[in-house]
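Below: one structure, written as structure tokens.
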Amino acid sequence: IPDGQPANRLNFAKWLVSEDNPLTARVIVNRYWENLFGRGIVLTSEEFGSQGELPTHPELLDWLARELVESGWDTRHLLQMIVTSATYRQSSRVSPEAAAADPDNRWLARGPRVRLSAEMVRDQALQAAGLLSKKMYGPPVKPPQPNLGLTAAFGSSTDWQTSTGEDRYRRGIYTTWRRSNPYPSMATFDAPNREVCTLRRNQTNTPLQALVTMNDPVYVEAAQALARIMLQHDGSLNDQIAMGFKRCLLRDPAAAELAALTALFDDTHRELASQPEKALKLATDPLGPLPQDVTPINAAAMTVVCNVLLNVDEMILKP
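Heads up: the sequence shown is residues 1 to 319, going by this note's numbering.
Right, dumping it as structure tokens:
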């Protein structure tokens, strides 16, 4: 705080965003870069002092920080600059040459391959299915989770009464969080338990994560909702599957991808034709009754297709 100024919160806030203090803008830029690339320009994003690592690209960090300040601290402008850059838009595929020269991608020899955060993985599925609520603020909510009948620490049940209506589909950031019993699907995707402050989340890749996105009630419900959207889309079966594919992955399917998904629909439809009760359960539990113009067998077969779409790597990883 400048000499002669009162040491109060207002002057502290002014100092934080002053042009004479470049640290704030650098830290903000580094955090956004870390979220997009998986590692910051300064690896120790929690420590910009003498105990932290030096930036790999100091001129880039300073230039982006300057852009942020001169744009009026417009973070959307910052994000647009980064994601439209040639560096970010590189393929994440690892060539032998790049692996030898830059194995940790410290020098950005390839594009980032970063998984969405635990909350975003769920939100992404709900958004693709047309279920995600855009409502903001308010008390925590309780989305669906498996009821196991277990007791957590201090005697409380691990189960809860699922929120109804729009609250069932609120964004992951609004999920009720108990330190003794974290929301299981998010914990599987490395959400911290919040017992201590977590500055950087570790990212793991385990079979349990695939089991969550294939079987958890949230993702089954998302697959059912997406299937209904696709079946009510005008056009042939190929058109419907292509529409759902683009809705999930933001690109048109390749011929081989479309053929594989169409074959999956046909095989599942054939299998369920003699099992109407199984088809009805697969199409409606937990989402609820079908629209009048959608048959249970078609809905069930398309739900299986959508379950595959929601489990494609590109849904939760930058390709």
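Glycine included, each C-beta is placed from N, C-alpha and C at the ideal position.
- Query: Thinking just about the alpha-carbon of each residue, which of Arg-110, His-269 and Val-218 is nearest to the one in Gly-38?
  - Reply: Arg-110
- Fully enclosed by the region 162-204, which beta strand (DSSP E) runs are 3 residues long or longer? none
- Message: Is there a Cβ of chain B sitting closer than 9 angstroms to that of Pro-276, yes or no?
- Response: Protein chains in the displayed structure number just one, and chain B is not present.
- Among Trp-73, Ala-279 and Asn-11, nearest to Ala-301 - alpha-carbon criterion: Ala-279
- Task: Below 6 angstroms CB to CB, which residues in the same chain sit around Thr-268 once its five sequence neighbours on both sides are set aside?
- Result: Ala-301 and Val-304
- Have a look at Ala-242 and Leu-54 and give me their C-alpha separation to the nearest angstrom. 47 angstroms
- Ser-85: CB within 8 angstroms of a non-hydrogen atom of the ligand PLP: Judged by which ligands are present, the structure shown has none, so any question about the ligand PLP falls away.
- Message: Classify Met-136: buried if its beta carbon has 16 or more other beta carbons within 10 angstroms, exposed otherwise.
- Response: exposed
- Measure the C-alpha to C-alpha separation of Thr-164 and Gln-275 and round it to an integer number of angstroms. 31 angstroms
- Item | Exposure label - Thr-213; buried when at least 16 CB within 10 Å | Only buried fits Thr-213, as 16 or more other CB atoms lie within 10 angstroms of its CB.
- Message: From the DSSP secondary-structure annotation, give me the bridge partner or partners of Arg-115.
- Response: Partner(s): Leu-317.
- Query: Do you know how far the Cα of Asn-11 is from the Cα of Pro-2?
  - Reply: Straight-line Cα distance between these residues: approximately 9 angstroms.
- Alpha-carbon spacing of Ala-238 relative to Ala-13, whole angstroms: Going by the sequence as given, residue 238 is Asn instead of Ala. Straight through space, the alpha carbons of Ala-13 and Asn-238 are spaced by roughly 57 angstroms.
- Of the choices Arg-170, Ala-187 and Thr-206, whose alpha-carbon is the least far from that of Arg-178? Ala-187
- Quick one: give me the first and last residue of the alpha helix (DSSP H) that Met-302 is part of. 296-309
- Message: Rounded to whole angstroms, what is the Cα-Cα separation between Arg-31 and Gln-124?
- Response: 21 angstroms
- Taking the Cβ atom as the reference point for each residue, do Val-294 and Gln-232 lie within a distance shorter than 9 angstroms? At the C-beta level, Val-294 and Gln-232 come within 9 angstroms of one another.
- Query: Contact check, Val-141 vs Tyr-174 under 8 angstroms by CB: the rounded distance?
  - Reply: Contact holds; Cβ gap of about 5 angstroms.
- Query: Does the distance from the C-beta atom of Leu-43 to that of Leu-64 stay below 9 angstroms?
  - Reply: No, these two residues do not count as a Cβ contact at 9 angstroms.
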